[in-house]
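Enquirer: So the protein lines, in turn, are chains F and U. Start counting the first sequence at 1; every next residue gets the next number (UniProt numbering). Start counting the second sequence at 1; every next residue gets the next number (UniProt numbering). Don't be surprised by glycine CBs; every beta carbon is placed ideally from N, CA and C. Below are the structure tokens for one structure; questions will follow.
Number of protein chains: 2
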Amino acid sequence: MKIICTRQNLIQGVSTAQRAVSAKNPLPVLSGILLTARDNRLELQATDLEMGIQCIIPCNVQEEGSIVLPAKYLGEIVRRLPDAPIQIETTQSTNAVISYGQSEITINGFQAEEFPSFPNPQGKNSLALPEEELKEYLRQILFATSPDENRPVFTGVLMEIFDGQIRFVATDTHRLALRDVKTTAEVSDINVIIPGKTLNELARVIGAADKEVTISLGDKQVIFGMEDTLLISRLIEGQFPNYRQVIPQGYKTRVRVKTKDILEAVERASLLARVGTQIIRLNIEEEKIVISANTEVGKIHEEVPVYLQGEPMQIAFNALYLIDALRANGSENIYLDMSGPLSPGILRPVGGEDYLSLVLPVRTI
Amino acid sequence: MKIICTRQNLIQGVSTAQRAVSAKNPLPVLSGILLTARDNRLELQATDLEMGIQCIIPCNVQEEGSIVLPAKYLGEIVRRLPDAPIQIETTQSTNAVISYGQSEITINGFQAEEFPSFPNPQGKNSLALPEEELKEYLRQILFATSPDENRPVFTGVLMEIFDGQIRFVATDTHRLALRDVKTTAEVSDINVIIPGKTLNELARVIGAADKEVTISLGDKQVIFGMEDTLLISRLIEGQFPNYRQVIPQGYKTRVRVKTKDILEAVERASLLARVGTQIIRLNIEEEKIVISANTEVGKIHEEVPVYLQGEPMQIAFNALYLIDALRANGSENIYLDMSGPLSPGILRPVGGEDYLSLVLPVRTI
């Protein structure tokens, strides 16, 4: 293999592929990126066997071929190269020589044959979403996933397609987020769980204003296709909990409040609450919410103006869960709907029917 | 005590004073900031008993008095306050109520009497330096101090005044930095060691374009006076090593090289060298330096164009020490002077006689 490419393209390709490399890989070859030169382009592939990223950059291929180079060193080196044409040439052993100007770096790698073959992308159902919008949906949903690998379904995001719409749902059993998205794509009804880790990586890669992501769903895998990048991931097996029965249909108390006002007040209360259990109390009155916390550090009393519909109420939440939900909302004003001190609070954007998040209250004496 | 002040002033005062609070203070009261309201201003003081910071902010004093409040909570809270007038009022116990708008936070503190009295600033010798310049001198010197508290003199910076000039010197025995500064101040000859930690904090606080720092030296302490801030520190006792005998007077080999070119080459070499001992080799030839490193990860061969005076030479350095010295230099071109493979290399800015740094070579086979 012998190629010449620009520093900028190489940085972009290596940085993207590197995201699929796990620090705790049991196979040494998986700490590397597979470089394949053919058809005047360079393919970069990396995988941790659960998720794989393939990225293509333009280059001048002088000799086709492939090699695996250690992702960490390759990444650090390309970022420090001068802004000159970069040549990468493999030697007879498993080395590659990276040349630039009068200088060169020889880096030890692995044979391409040692690299596991990339799962063959075969999606039966396929639909496209604008990158910018999908990135925002993911931001609104991913905070509610669980980091606990012992219960895999809660680490993922449910993606349902039914009645011509897509629904994303995540829950860690303490809070839940749900986002509906209209689609005109003709796809059959679907119900899959996509790993949160995959979607977090997707959210980092996408975001361009005028581009679309193609989502292709197979039986056991999902493929996200961007302009020069493919992200392939296994699906999570198992049954997602019946989220519908958790979401109360009505409310006894509804407050309308400025998101920024209540968020800042809860953040301040959280500073004092954190030495304890992060419990803050909301006393919902006619024209205001009084937010309070009381710990050995001190106590706080915050008043936030609201519009109340329904009954006054007292309820307690974990401040951190409320902060996550308020930040994810993204709307200037929200409704906070409650049905009682032991029923979940529901946050909805004012003027938006397609999104909600839910936070379980904390039982206090 | 009862005061009203702006959020911005309070943030600035607390952030500055907080820098003197050590995380590992044995006395609980030292985790706090002493607030003293008098003469229509608020004094904020903090100390770890080695270094103290006093900061003054304007405020409306409605009732004079003082209290100690925990620095960490106070800092986090004031940064999150709304941009409204802030009132701080002490209660009969050791609490303070911070009020803003309709909300308030009560924070538990300590009695002002528990706080150690601040060392009385009494400097015999006093001189002033422009903030911007002193900040740059410190940047050029501080990298050469040692973090090893077992040998206190090496953790400090020698400040000498003789023949109408100031000299700053630091060394950790592997490298050394020396900066001469002209002064017109009439001060007697002086030889003190100022803690590197103090000077690091000073460097963070200063930097304004048209302001001066006053340096006052007592027998056991130094006081840096800025516009609204005083930084007081003990001096380090002990004998600074005789640095003069370490600095070679002539050279056998002098290369003139672009700082950026050699720095980037050494940084790349360091990426490959670091799994080993960070040893890189410099092969100084007629028109270039060849920089090389060879480890199990791979090998690097960098060529940097230079102007050579004197003999070609081979020498090896610790890449990290060379990087620190090159970054500190701050000049577009440097001279690297050497007297042999086992003698220190000296870096001097081209066109500057007032600064040098020195790096010991590494003995290789």
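Run through chain U and tell me which residues come within less than 7 angstroms of E285 of chain F, C-beta to C-beta.
Expert: Here the premise fails: no neighbours, minimum Cβ distance about 12 angstroms.
Enquirer: Pop quiz: G13 of chain F and L44 of chain F are said to be a contact at Cβ under 8 angstroms. What is the actual Cβ separation, rounded to whole angstroms?
Expert: With 8 angstroms as the limit, G13 of chain F and L44 of chain F qualify as a contact, their Cβ atoms being about 5 angstroms apart.
Enquirer: Please check the pair P248 of chain U and P344 of chain U, which I expect to be a contact at CB under 8 angstroms, by giving their CB distance rounded to whole angstroms.
Expert: P248 of chain U to P344 of chain U, Cβ: 7 angstroms. Contact.
Enquirer: Quick one: complete alpha helix (DSSP H) runs, 4+ long, within the region 280 to 348 of chain U?
Expert: Qualifying alpha helix (DSSP H) stretches, in chain order: 319 to 329.
Enquirer: According to DSSP, what are the bridge partners of A46 of chain U?
Expert: For A46 of chain U, which the question treats as bridged, DSSP gives the partners U:I53.
Enquirer: E264 of chain F CB to nearest chain U CB: under 8 angstroms?
Expert: Yes - at least one Cβ of chain U is within 8 angstroms of the one on E264 of chain F.
Enquirer: Hey, how far is the Cα of L217 of chain U from the Cα of V187 of chain U?
Expert: One C-alpha to the other measures close to 10 angstroms.
Enquirer: Please say whether A265 of chain F and E302 of chain F have beta carbons closer to each other than 8 angstroms?
Expert: In contact: E302 of chain F and A265 of chain F (Cβ atoms closer than 8 angstroms).
Enquirer: Where G238 of chain U and Q18 of chain U are concerned, what is the direct C-alpha to C-alpha distance, given to the nearest angstrom?
Expert: Going from the Cα of G238 of chain U to the Cα of Q18 of chain U covers about 29 angstroms.
Enquirer: Taking only beta-carbon atoms, is S103 of chain U less than 8 angstroms away from chain F?
Expert: Taking Cβ atoms only, chain F reaches closer than 8 angstroms to S103 of chain U, which makes this a yes.
Enquirer: Can you give the Cα-Cα distance for L142 of chain U and I284 of chain U, rounded to whole angstroms?
Expert: Cα-Cα distance, rounded: 29 angstroms.
Enquirer: Since I believe P58 of chain U is in contact with N9 of chain U (beta carbons under 8 angstroms), could you give me their beta-carbon distance rounded to a whole number of angstroms?
Expert: Sure, about 6 angstroms apart at Cβ, within 8 angstroms.
Enquirer: At which residues does the beta strand (DSSP E) containing F162 of chain F begin and terminate?
Expert: That run of the beta strand (DSSP E) goes G156 to F162.
Enquirer: What residue does the beta strand (DSSP E) around G75 of chain F start on, and which one ends it?
Expert: Not the beta strand (DSSP E): G75 of chain F falls in the alpha helix (DSSP H), residues A71 to R80.
Enquirer: Mind the definition here: the region 170 to 187 of chain U touches the region 99 to 116 of chain U only if three or more C-beta pairs lie below 8 angstroms; say whether that holds.
Expert: Touching, no.
Enquirer: Indicate whether at least one CB of chain U lies closer than 8 angstroms to the CB of V68 of chain F.
Expert: Chain U, which has no Cβ nearer than 8 angstroms to the Cβ of V68 of chain F, makes this no.
Enquirer: In chain F, which residues lie less than 7 angstroms from E76 of chain U when you measure between Cβ atoms?
Expert: In chain order: L271.
Enquirer: So, does the region 224 to 244 of chain F touch the region 305 to 312 of chain F, judging by three or more C-beta pairs under 8 angstroms?
Expert: At 8 angstroms Cβ cutoff, the stretches do not touch.
Enquirer: Secondary structure at G225 of chain F, three-state DSSP: helix, strand or coil?
Expert: Reduced to three states, the DSSP call for G225 of chain F is strand.
Enquirer: Just the chain F side, please: which residues come within less than 7 angstroms of T106 of chain U by C-beta, in chain order?
Expert: Simply G298 and K299.
Enquirer: Measuring only the C-alpha atoms, how far is G276 of chain F from A293 of chain F?
Expert: Roughly 10 angstroms separates the two Cα atoms.
Enquirer: Figure out for me which residue from U:L199, U:L138 and U:L127 has the closest Cα to the Cα of G164 of chain U.
Expert: Taking only the C-alpha atoms, the option nearest G164 of chain U is U:L127.
Enquirer: Looking at chain U, is there any beta carbon in it that lies within less than 8 angstroms of the beta carbon of E114 of chain F?
Expert: So, not an interface residue.
Enquirer: Assign A84 of chain F to one of two classes, buried (16 or more other C-beta atoms within 10 Å of its C-beta) or exposed (fewer than that).
Expert: Counting Cβ neighbours within 10 Å, A84 of chain F comes out exposed, since fewer than 16 surround it.
Enquirer: Report the neighbours of R80 of chain F on chain U: residues whose CB is nearer than 8 angstroms to its CB, in chain order.
Expert: E264, E267, R268 and L271, listed in chain order.
Enquirer: Do you know offhand how far T6 of chain U's Cα is from I86 of chain U's?
Expert: Each residue's Cα considered, the two are about 6 angstroms apart.
Enquirer: Per DSSP, Y100 of chain F is paired with what?
Expert: Answer is F:S103, bridged to Y100 of chain F.
Enquirer: Counting only C-beta atoms, is E89 of chain F closer than 8 angstroms to chain U at any point?
Expert: Taking Cβ atoms only, chain U never reaches closer than 8 angstroms to E89 of chain F, which makes this a no.
Enquirer: Any residues in the region 299 to 323 of chain F with a beta carbon nearer than 9 angstroms to a beta carbon of chain U? Which ones, in chain order?
Expert: Taking 9 angstroms as the Cβ-Cβ cut-off against chain U, the residues of the region 299 to 323 of chain F that qualify are K299, I300, H301, E302, E303, V304 and P305.
Enquirer: Please decide whether Y137 of chain F counts as near chain U, where near means a Cβ-Cβ distance under 8 angstroms.
Expert: With 8 angstroms as the cut-off, Y137 of chain F does not count as an interface residue toward chain U.
Enquirer: Would you kindly work out how many angstroms separate the C-alpha atoms of E286 of chain U and I206 of chain F, rounded to a whole number?
Expert: Computed Cα separation, rounded: 51 angstroms.
Enquirer: Cβ closer than 8 angstroms: which chain F residues qualify as neighbours of Y73 of chain U?
Expert: Chain F residues near Y73 of chain U: L271, L272, V297 and G298.
Enquirer: Say yes only if the C-beta of V297 of chain F is nearer than 7 angstroms to one or more non-hydrogen atoms of the ligand NAD, and no if none qualify.
Expert: Only the bare structure without any ligand can be found here, which leaves the ligand NAD out of the picture.
Enquirer: Taking I300 of chain U and A319 of chain U to be in contact with their CB atoms under 8 angstroms, please state how far apart those CB atoms are, rounded to whole angstroms.
Expert: Actually they do not touch by this definition, with Cβ atoms about 10 angstroms apart.
Enquirer: My understanding is that Q54 of chain U touches L199 of chain U, with C-beta atoms under 8 angstroms, so please give their C-beta distance in whole angstroms.
Expert: Not a contact, Cβ separation roughly 18 angstroms.
Enquirer: Would you kindly report the start and end of the unbroken beta strand (DSSP E) that includes I11 of chain F?
Expert: Segment R7 to Q18 is the alpha helix (DSSP H) holding I11 of chain F; no beta strand (DSSP E) there.
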